[in-house]
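Below you'll find the structure, written out as structure tokens, and then a few comments.
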Amino acid sequence: ADALVGAGVTRGEPVAARLPLTVDSVVAVHAVARVGAVLVPLNLRLTPDEVAWQIGHVGARCLIADGIIEKDTDVEPGAKPDPSSSAIVFTSGTSGRPKGAVLTTENFFWSALASALRIGTMPDDRWLCPLPLFHVGGLSIVWRSVLYGTAMALATSSRVEDLARDLRETQATLVSLVPTQLHRLLEHDADSLRA
């Protein structure tokens with residue numbers, strides 16, 4: 000957070016970020032929130048032109064990539080999002096240009112509360128995060144864990160073999176998966192997952 004402030008990031012300013020599944024990325028999510036800026040997580044699979052379009056679309060003058068903060072004061076600043084904004088997450092763009100969905104801190108809070116009420120939460124829970132942090136599901140795990148005061152573990156890769164190993168080795172009690180991941184995981188390791 001100090002580094003962001005030192006780079007001139009202000010409250011309500013969009014901050015673009017490339018966030019691989021690493022501890023540094025989770026720290027960056029919380030640092031952006033700490034200064035009151037708006038996180039704009041970038042899909043790691045985008046081309047440089049697609050990334051440039053998204054950064055320009057939101058008017059982000061700051062980019063976090065590989066733990067380095069870059070500030071470009073030549074970029075035209077975007078309209079300041081609502082002060083309660085926490086993140087702008089771009090849709091997949093399957094029907095045209097991706098759209099930036101604005102999420103508030105309240106969105107993450109109420110989602111976490113609903114999850115706790117529906118699934119339950121225990122002090123020793125450990126939520127495994129195999130979803131990318133440019134995905135609402137991945138960001139939600141980051142926020143749920145901090146709001147619950149429970150641990151989270153980061154998946155080592157998206158390969159099904161690694162995910163099965165991560166579930167065992169991290170002693171995860173919870174995991175969020177998309178249907179394809181669940182299907183592949185059950186096909187790969189159904190017997191040990193039931194144990």
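The letter at position 155 of the sequence shown is residue 154 when you use our numbering, and the numbering goes up by one with no holes.
Glycine included, C-beta positions come from ideal geometry on N, C-alpha and C.
- In the same chain as residue 33, and ignoring 5 residues on each side of it, the C-beta atoms closer than 7 Å to its own belong to 0, in chain order.
- Cβ neighbours of residue 43 within its own chain (closer than 7 Å, five residues either side excluded): 17, 19, 131 and 133.
- In the three-state DSSP reduction, residue 85 falls in the strand class (E or B).
- A check of alpha carbon separations from residue 38 across 45, 26 and 177 identifies 26 as the nearest.
- Between the stretch 142-150 and the stretch 118-131 there are three or more inter-stretch CB-CB distances shorter than 8 Å, so the stretches are counted as touching.
- Using a Cβ distance threshold of 7 Å, residue 142 and residue 107 count as a contacting pair.
- Within the model, the alpha-carbon separation for residue 100 versus residue 153 is close to 25 Å.
- If you check the CB distance, residue 129 and residue 162 come in under 7 Å.
- For residue 39, there is no enclosing alpha helix (DSSP H); the enclosing beta strand (DSSP E) has its first and last residue at 37-41.
- Residue pairing by DSSP places residue 12 in no beta bridge whatsoever.
- For residue 120, the secondary structure class from DSSP, reduced to helix, strand or coil, is coil.
- When 66, 6, 13 and 7 are compared, the shortest CA-CA separation from residue 24 is found for 66.
- The C-alpha of residue 71 is placed about 26 Å away from the C-alpha of residue 92.
- DSSP places residue 125 in the uninterrupted beta strand (DSSP E) bounded by 125-128.
- Between residue 110 and residue 126, the beta carbon gap of about 13 Å keeps them out of contact (Cβ cut-off 8 Å).
- In the structure shown, the three-state DSSP call for residue 99 is strand.
- Going by DSSP, residue 132 is part of no alpha helix (DSSP H) at all; its letter is neither H nor E.
- Put simply, of 55, 160 and 117 the residue whose alpha carbon is nearest the alpha carbon of residue 98 is 55.
- DSSP places residue 166 in no beta strand (DSSP E) but in the uninterrupted alpha helix (DSSP H) bounded by 159-168.
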